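In my numbering, the protein residues as written are 270 to 421.
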């Protein structure tokens with residue numbers, strides 16, 4: 270999907286973007302299915318990630334716009350900094366499995382805390398194959414949350 274030259278352009282543009290903001294980052298470009306995966310390493314990840322990953326998501330949107338214009342392509346961009354998203358996904362999957370097990374044992378629904386659409390998707394997908402529970406998103410953003418219920 271991306272040529273070697275395009276991958277070099279991506280690294281250069283992303284490097285310049287963060288340098289202008291005053292951050293030193295190591296950039297790893299990976300292609301996964303039809304997505305461009307950017308994995309960055311930074312000595313100041315908390316500033317670039319922000320509370321609950323909000324700044325990270327904003328940076329992802331801005332970089333997608335910049336790179337789409339530069340490469341004249343439309344593509345999906347997934348930005349991760351110091352494996353924040355990877356670790357968060359692992360945590361959410363583990364939490365979802367544990368709470369689903371509790372729901373099955375207690376035969377009582379559990380309401381999870383508010384989550385972003387990205388986080389809710391991880392939970393729904395993790396529990397999708399379970400036949401003894403069902404999941405449902407309820408509420409409005411930013412208070413939208415998941416209810417895990419025993420399957421009737």
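Here a beta-carbon is modelled for each residue, glycine too, at the ideal position from N, C-alpha and C.
For clarity, every value in this text was computed on a predicted model and none was experimentally measured.
Report the partner residues of residue i according to the DSSP bridge assignment.
i           : result
residue 414 : 407
residue 311 : 294
State buried or exposed for residue i, treating a residue as buried only when at least 16 other CB atoms are found within 10 Å of its CB.
i           : result
residue 384 : buried
residue 331 : exposed
residue 407 : exposed
residue 342 : exposed
residue 289 : exposed
residue 380 : exposed
What does the alpha-carbon distance come out to for the pair residue i and residue j?
i           : j           : result
residue 283 : residue 276 : 11 Å
residue 300 : residue 388 : 22 Å
residue 350 : residue 417 : 30 Å
residue 400 : residue 322 : 32 Å
residue 306 : residue 377 : 39 Å
residue 346 : residue 272 : 16 Å
residue 367 : residue 335 : 40 Å
Using only alpha-carbon positions, find the residue among the options that is nearest to residue i.
i           : options            : result
residue 409 : 386, 330, 343      : 386
residue 317 : 335, 354, 337      : 354
residue 339 : 319, 279, 402, 403 : 279
residue 411 : 402, 289, 382      : 382
residue 298 : 288, 380, 290, 270 : 270
residue 315 : 375, 333, 352, 393 : 352
residue 286 : 304, 303, 329, 302 : 329
residue 375 : 337, 419, 348, 357 : 419
Looking at the secondary structure, which residues open and close the beta strand (DSSP E) in which residue i lies?
i           : result
residue 347 : 345–350
Over what stretch of residues does the alpha helix (DSSP H) that includes residue i continue unbroken?
i           : result
residue 364 : 353–375
residue 319 : Unbroken run through residue 319: none, as it is neither H nor E.
residue 288 : 273–289
residue 387 : 386–396
Can you check whether the C-beta of residue i is within less than 8 Å of a C-beta belonging to chain D?
i           : result
residue 347 : The structure shown has no chain D; it contains just one protein chain.
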